[in-house]
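Novice: Each residue of the sequence shown is one higher than the one before, starting from 1 at the first, in full-length UniProt numbering.
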Amino acid sequence: MVKAVFPGSFDPPTNGHLNLIKRGSQLFDSLDVVISVNYQKKYLLTPEERFTLINDMIEDIPNVTVTLWDRLIVDYAHNNNIGVIMRGVRAVDDFGYEFELSMLNKQLNPQVETIFLPTDQKYFVLRSSSIKELVQLGADVSKMIPLNVEKLLREKIFDKGKIN
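1. Put residue 9 into one of helix, strand or coil per three-state DSSP.
2. Check whether the Cβ atoms of residue 74 and residue 116 sit closer than 7 Å, and answer yes or no.
3. If you reduce the DSSP assignment to three classes, tell me which class residue 68 lands in.
4. For residue 64, I'd like the list of residues in its chain whose CB is within less than 7 Å of its CB, leaving aside the five on either flank, ordered along the chain.
5. With a Cβ-Cβ cutoff of 7 Å, do residue 128 and residue 11 count as a contact?
6. Measuring only from the beta carbon, is residue 110 closer than 6 Å to any heavy atom that is part of the ligand COA?
7. In the UniProt domain "Cytidyltransferase-like" (5 to 133), which residue ranges form an unbroken alpha helix (DSSP H) of at least 4 residues, counting only runs that do not cross its ends?
8. Count the other CB atoms within 10 Å of the CB of residue 49; is the residue buried (16 or more) or exposed (fewer)?
9. Between residue 3 and residue 81, how many whole angstroms is the CB-CB distance? I'm expecting something under 8 Å.
10. Spatial neighbours of residue 37 within its chain, please: C-beta separation below 6 Å, excluding the five flanking residues on both sides.
11. In the DSSP assignment, what are the bridge partners of residue 205?
12. Measuring CA to CA, which of 18, 109, 62 is closest to residue 72?
13. Cα separation between residue 96 and residue 114?
14. Using a Cβ-Cβ cut-off of 6 Å (strictly less than) and excluding sequence neighbours within five positions of residue 164, which residues of its own chain qualify?
15. What residue range is occupied by the uninterrupted alpha helix (DSSP H) comprising residue 151?
16. Could you give the distance in angstroms between the alpha-carbon of residue 77 and the alpha-carbon of residue 35?
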């Protein structure tokens, strides 16, 4: 049984993330979506909000689970007998960053391999930070994020008047 983990901040989760989750669920026997909780970082959405949004997005994918995690991803992999970290990459910049991160993870836990999955071309330009800015500017983001994500973002940005 090949188990994989798909880590990220998912602030907010996008259709690009969902596309990677669906594709990863077909490649691996099980896929754990691990939402990073980094108390040094500023997020628009709380860990619990991100958890709920992704759980709603994956409710029809039986071999995918969602977890919050505030430590090293290689420790999560080790604790859960997972041998693969799945990472989505959009462009050369993403690959450079992800490659360096994979080398660091390999030093921390040589038993864990990193697999890079290229983004589907229709989600190539989706960045969580851009989505938040587009919502703040009133743009139509309905093809970029699920409806539940858009609703919560608009509520948080317009009702609370904040953006990160």
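Ideal Cβ placement from N, Cα and C applies to all residues, glycine included. What you are looking at is a predicted structure, and each value in this text was computed from that prediction instead of being measured.
Specialist: If we stick to the structure as given:
1. Residue 9 falls in the coil class under three-state DSSP.
2. No.
3. When secondary structure is reduced to three states using DSSP, residue 68 falls in the strand class.
4. In chain order, 21, 25, 31, 33, 58 place their CB closer than 7 Å to the CB of residue 64, counting only its own chain and leaving out the 5 sequence neighbours on each side.
5. Cβ atoms of residue 128 and residue 11: closer than 7 Å.
6. The ligand COA is absent from the structure shown, which contains no ligand whatsoever.
7. 15 to 27, 47 to 57, 73 to 79, 92 to 108, all fully within the UniProt domain "Cytidyltransferase-like" (5 to 133).
8. With 16 or more neighbouring CB atoms inside 10 Å of its own CB, residue 49 falls in the buried class.
9. The C-beta distance from residue 3 to residue 81 rounds to 7 Å, short enough to meet the 8 Å contact threshold.
10. Around residue 37: 47, 68, 70.
11. Within the shown structure, residues of the chain are numbered from 1 to 164, placing residue 205 beyond reach of any answer.
12. That would be 109, whose Cα lies nearest to the Cα of residue 72.
13. The C-alpha of residue 96 lies about 13 Å from the C-alpha of residue 114.
14. Residue confidence is low: residue 164 scores 46 on pLDDT, short of 50, so the model does not pin down where it sits. Its coordinate-derived value is still stated next. Beyond the five residues adjoining it in sequence on each side, residue 164 comes within less than 6 Å, by CB distance, of 42, 44 in the same chain, given in chain order.
15. Where residue 151 is concerned, the enclosing alpha helix (DSSP H) stretches over 147 to 154.
16. Approximately 13 Å, taken between the alpha carbons.
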